[in-house]
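Please read the structure below before turning to the comments.
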Amino acid sequence: MEWPLKRTVNTKNIRVLLPSIVVVAVLLIFGATLSGRFISVRNLGSILMTASLLVFATTAQNIVFLSGNNGIDLSIGAVMSMTALVGPMMPIGTPVEFAFATLTVIAMGAVCGLLNGLGIRVLSIPPLIMTLIMSNVIYGFTLFVTKGRPAMELSKILLGVNKTVFPMIRVLTICGVVAVAAAEIILRKTRAGRKLAIVGDNPNAAGLCGLRVSLISVAAYVCSGGIAGFAGFMLVGYAGSAIMRMADSYTLLSVAAAIIGGTSVAGGRGSFVGGALGSLVLILLTSILQMLNIPQGARFVIQGVLLAVILLTNTRSEKLRQ
Amino acid sequence: MTDEPVLSMEGIVKGFGGIVVLDRVDFSVRRGEVHALMGENGAGKSTLMKILAGIYHKDDGRIFVEGREINIKSPNDPIRAGIAFVHQHPNLVPMFDVAHNIFLGQEPLRGRRVDHKKIYAEAGKILAAIGTAISPHALARDLTVAERQELSIARALSFAPRVIAFDEPTAPLSFKEVERLFEVISRLTKNNVTVIYISHRMDEIFRISERITVLRNGKSITTLTTKETTPDEVIHAMLGSDIAFNPKSVYDETGETVLKVEGIVTKNLPQTIDFSLRRGEVLGLFGLVGAGRTEVVRALFGVDRINAGALEVNDRRFGAVSPSLMMRNGVALVPEDRHALGLVMDMTIKENISLANMNSFKLGPFINHARERAAVRGLSHQLSIKSRGINTPVSSLSGGNQQKVVLAKWLHRRPSVLILDEPTVGVDVGAKGEIYNLVNSLAKSGVSVIFISSEPEEIFRVADRILVMYRRRIVGEFQAGATDIKKLMAIATGVQAAS
Chain L
0 MEWPLKRTVN
10 TKNIRVLLPS
20 IVVVAVLLIF
30 GATLSGRFIS
40 VRNLGSILMT
50 ASLLVFATTA
60 QNIVFLSGNN
70 GIDLSIGAVM
80 SMTALVGPMM
90 PIGTPVEFAF
100 ATLTVIAMGA
110 VCGLLNGLGI
120 RVLSIPPLIM
130 TLIMSNVIYG
140 FTLFVTKGRP
150 AMELSKILLG
160 VNKTVFPMIR
170 VLTICGVVAV
180 AAAEIILRKT
190 RAGRKLAIVG
200 DNPNAAGLCG
210 LRVSLISVAA
220 YVCSGGIAGF
230 AGFMLVGYAG
240 SAIMRMADSY
250 TLLSVAAAII
260 GGTSVAGGRG
270 SFVGGALGSL
280 VLILLTSILQ
290 MLNIPQGARF
300 VIQGVLLAVI
310 LLTNTRSEKL
320 RQ
Chain R
0 MTDEPVLSME
10 GIVKGFGGIV
20 VLDRVDFSVR
30 RGEVHALMGE
40 NGAGKSTLMK
50 ILAGIYHKDD
60 GRIFVEGREI
70 NIKSPNDPIR
80 AGIAFVHQHP
90 NLVPMFDVAH
100 NIFLGQEPLR
110 GRRVDHKKIY
120 AEAGKILAAI
130 GTAISPHALA
140 RDLTVAERQE
150 LSIARALSFA
160 PRVIAFDEPT
170 APLSFKEVER
180 LFEVISRLTK
190 NNVTVIYISH
200 RMDEIFRISE
210 RITVLRNGKS
220 ITTLTTKETT
230 PDEVIHAMLG
240 SDIAFNPKSV
250 YDETGETVLK
260 VEGIVTKNLP
270 QTIDFSLRRG
280 EVLGLFGLVG
290 AGRTEVVRAL
300 FGVDRINAGA
310 LEVNDRRFGA
320 VSPSLMMRNG
330 VALVPEDRHA
340 LGLVMDMTIK
350 ENISLANMNS
360 FKLGPFINHA
370 RERAAVRGLS
380 HQLSIKSRGI
390 NTPVSSLSGG
400 NQQKVVLAKW
410 LHRRPSVLIL
420 DEPTVGVDVG
430 AKGEIYNLVN
440 SLAKSGVSVI
450 FISSEPEEIF
460 RVADRILVMY
470 RRRIVGEFQA
480 GATDIKKLMA
490 IATGVQAAS
């Protein structure tokens, strides 16, 4: 009795992930035919690491999408830029100091998320507008604290995220995988995760069953902000330096990656593993376009068009399934 | 007034997915009369009107206006044929003023430009014709409910119709506003406009209508001349004569009071509500749609804020309540609209049942899946939920099984007070019976039940005591054996005050 049921559930999950798995495979093959260098251990390792950065942003975005109520977090890029610049201003000489700095950047992001959540739930500002306003406030705050100076000299510990542990696997990649696995387990196996999905899917039913809908929704924004704060810190460790607005593009990319991964913008349905695959799709795409020596301007245009096509097919297949 | 019908619908047939909703319905109205269309919920009144409005398409039958057959394919066709509608919830553009709402989509032009002067002038004439005081310049969003309705009548009149259909127009109106509406209607008929009037309120029907057509189970039963008939005869036609009812009875009338409602007032219940509920009692709350039954439930369960009065649950007194507080005190609610309020449709049976019971399946921060599965299996066996397994999404279940999932969700909590709001709507006959039996056995085991319904037969089957609601007030109270269906309907439609 139990076994066949489990199987139907699993095949269904895989069906949601299938499009992105296929696209990843196609892009890998296409890249390999362009140049042998593309599938070198070095290049793939770098792609995986860059994707891991986006994975954090996508996970943050996914949580907010799942919480429903037209949830979206457009301040993710701003939070990342903030912690990328402000994080290295703290002393990071010892592991203890590094841990303290990490907790601080997570807390900074979480505070931004809290303000987002309160604005949306208490003042009833639409999420799109609230988080957009918040991203501007965050840029203001960052400018105020850093006076516009870039972060240049980084501690060795922070730069350590670039270290290669196994061939192709860097420290940052491991962080990304752990984060996605943890998020997926929390969503599927814990009460908190299930509550998030229920509130996202049908807030009225959730409220009538005694769930505190507003509280759960605010918590989603807090988590999103905290993860984005951490992601910014990893970004500066990866890049080696940080400038204002360096993480801007992550906002849109995180939205795209989450949707490519099968998350419903209407709330309640989605997966973090899917979001990770979506991130990989986007990074592979960028990498291939770079390899073709396409100038940056044209690259953005092509990227945008491809994104639109992918999103279009994803939303269509959703309708077909229904 | 002539006997020639201005509009007649003949042999109208309409089915949805194999279920016949309208079965060769005949309906015709004469020039300048008020013609009431009556029937129980689900009798087919709305479907018939939607076919006339071009929202649904008939499967068979013919429609004639002034003797000429018309073909209604879209909402524009009835307008062209001179048939207009005043819906219960008018679609207005809130930021436009009254005049522009009246001429929305049919603005008079001067050359290529909209002739705003003419809009105001014409709007003023129409508003004067129905004798309303609203200004053509007022914004739609600033109007009261009654004024919006007048605006919606004005809009209907802008098409210069022969026939105007009103769907439950008095439901949201106060007593005075109803009088105003009747004045407007009598002005219309004096100008030879025919009014089709759909309402549950018998007193209104007998005041304003000339003839009454009764639908029952998708068939046109009879057309009566109002002067020559009685409310009793109409109710009889609505219910059919072949209804057997056997009131259920016997519960311990000396049991302690578990729920006491004392003078509750909310934004949706302007007049105080008082009643009480004993242990093991099934209290039927009867009333037609819009009578205020759901509003009572919303107040009890803490969805609407209680502005005055108090609740007493198991001897604990509350002035303010919330769903989680009521749940902790043993109250459970099976809401009216299970799709929107009762279930998370995308989720499985298991996930829906544990929705209200998350804390009883806890394992640290995790869900105790083994315990959850065991509990859900037990409940779905107890309620005989038919499915391919507990991981089936509830969206794939039949209405009856969906309702059982909602019931299971709450039964796991072992509530002392169970509120069921129209639990058998959209449920097949077999599952209905199971739900009645479940209510009976729960009551026997000491659970108190509030059973809300607009089907009198159902109320008689399950309830020990019946409260009747009309216009957001409790207007009657009966022991189960002490009344009959006709009396109940008479009170619920306002024909008769409860003795």
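These protein sequence lines are chains L and R, in that order. Each residue of the first sequence is one higher than the one before, counting from 0 in numbering that gives the first Met the number 0. Each residue of the second sequence is one higher than the one before, counting from 0 in numbering that gives the first Met the number 0. Note that CB positions come from ideal geometry on N, CA and C, so glycine has one too.
Run of the alpha helix (DSSP H) containing residue i, from where it starts to where it stops
i              : result
K486 (chain R) : I484 to A491
L142 (chain R) : Segment: none, L142 (chain R) is in no alpha helix (DSSP H) and carries neither H nor E.
Y237 (chain L) : V212 to A238
A298 (chain R) : R292 to L299
M243 (chain L) : Careful: M243 (chain L) lies outside any alpha helix (DSSP H) and carries neither H nor E.
F64 (chain L)  : V40 to L65
T82 (chain L)  : I75 to V85
Backbone CA spacing between residue i and residue j [nearest angstrom]
i              : j              : result
R67 (chain R)  : P4 (chain R)   : 11 Å
H368 (chain R) : F360 (chain R) : 7 Å
D22 (chain R)  : P230 (chain R) : 25 Å
A56 (chain L)  : Y249 (chain L) : 7 Å
L172 (chain R) : R316 (chain R) : 34 Å
Q402 (chain R) : Q148 (chain R) : 36 Å
L17 (chain L)  : M37 (chain R)  : 54 Å
D241 (chain R) : S45 (chain R)  : Here D241 (chain R) scores only 47 on pLDDT, less than 50, and its place in the model should not be relied on; the value that follows carries that caveat. Cα to Cα, the separation comes out at about 24 Å.
T221 (chain R) : L51 (chain R)  : 20 Å
T145 (chain L) : G260 (chain L) : 36 Å
R470 (chain R) : L117 (chain L) : 39 Å
L52 (chain L)  : L284 (chain L) : 15 Å
L319 (chain L) : A265 (chain L) : Here the model assigns L319 (chain L) a pLDDT of 47, short of 50, so the residue's position is not dependable, and the following value carries that caveat. When rounded, the distance between both Cα atoms is 16 Å.
E178 (chain R) : I418 (chain R) : 36 Å
N90 (chain R)  : E146 (chain R) : 13 Å
R215 (chain R) : A236 (chain R) : 8 Å
I226 (chain L) : L73 (chain L)  : 14 Å
I185 (chain L) : I62 (chain L)  : 11 Å
M125 (chain R) : V162 (chain R) : Per the sequence shown, the amino acid found at residue 125 (chain R) is Ile instead of Met. Cα to Cα, I125 (chain R) sits roughly 16 Å from V162 (chain R).
V28 (chain R)  : V281 (chain R) : 44 Å
N245 (chain R) : E456 (chain R) : For N245 (chain R), the predicted structure reports a pLDDT of 44, less than 50, and the residue's modelled location is therefore unreliable. A value from the coordinates is still provided. In a straight line, the C-alpha of N245 (chain R) is about 9 Å away from that of E456 (chain R).
I71 (chain R)  : E209 (chain R) : 27 Å
V308 (chain L) : V40 (chain L)  : 30 Å
V257 (chain R) : I449 (chain R) : 12 Å
Cβ separation of residue i and residue j, assumed to be a contact under 8 Å, to the nearest whole Å
i              : j              : result
I69 (chain R)  : I272 (chain R) : Rounded, the Cβ-Cβ distance is 48 Å, inconsistent with contact.
T130 (chain L) : I71 (chain L)  : 7 Å
S7 (chain R)   : F63 (chain R)  : 5 Å
I197 (chain L) : L354 (chain R) : 6 Å
A164 (chain R) : I195 (chain R) : 4 Å
I129 (chain R) : R206 (chain R) : Their Cβ separation, rounded to whole angstroms, is 19 Å, which puts I129 (chain R) and R206 (chain R) out of contact at 8 Å.
E476 (chain R) : L466 (chain R) : 5 Å
Pick from the options that is closest to residue i, judged by C-alpha positions
i              : options                           : result
S34 (chain L)  : L:V110, L:R298, L:M290 and L:V300 : L:M290
G301 (chain R) : R:T265, R:R413 and R:G286         : R:T265
G86 (chain L)  : L:I28, L:N115, L:F37 and L:S154   : L:S154
E454 (chain R) : R:K431, R:N436, R:K443 and R:F365 : R:K431
V343 (chain R) : L:C208, L:V104, L:V25 and L:L122  : L:C208
F84 (chain R)  : R:A127, R:L150 and R:E294         : R:L150
R187 (chain L) : L:F37, L:M89, L:V272 and L:I282   : L:V272
S213 (chain L) : L:D247, L:S123, L:M151 and L:V235 : L:S123
L340 (chain R) : L:L26, L:D200 and L:R244          : L:D200
V235 (chain L) : L:S39, L:A205 and L:T101          : L:T101
R244 (chain L) : L:M48, L:F64 and L:G147           : L:G147
Opening and closing residue of the beta strand (DSSP E) in which residue i lies
i              : result
L466 (chain R) : R464 to Y469
L417 (chain R) : V416 to D420
I451 (chain R) : S447 to S452
K13 (chain R)  : P4 to F15
S27 (chain R)  : I18 to R29
F158 (chain R) : No beta strand (DSSP E) holds F158 (chain R); DSSP gives it neither H nor E.
Output the residue ranges of the alpha helix (DSSP H) runs that lie fully inside the segment 114 to 199 of chain L and measure 4 residues or longer, sorted by chain position. Taking only runs of at least 4 residues, the alpha helix (DSSP H) segments lying wholly in the segment 114 to 199 of chain L are 126 to 145, 155 to 158 and 170 to 188.
In chain order, each alpha helix (DSSP H) run of at least 4 residues that lies wholly inside the segment 333 to 396 of chain R: Inside the segment 333 to 396 of chain R, DSSP marks whole alpha helix (DSSP H) runs of 4 or more residues at positions 348 to 353 and 368 to 381, from first to last along the chain.
Whole alpha helix (DSSP H) runs in the segment 62 to 125 of chain R with 4 or more residues, listed along the chain? Restricted to the segment 62 to 125 of chain R, the alpha helix (DSSP H) segments that are unbroken, complete and at least 4 residues in length are 75 to 79 and 97 to 101, listed in chain order.
Please specify which runs of the beta strand (DSSP E), each continuous and at least 3 residues long, are wholly inside the segment 175 to 257 of chain R, giving them in chain order. 193 to 197, 210 to 215 and 218 to 224, all fully within the segment 175 to 257 of chain R.
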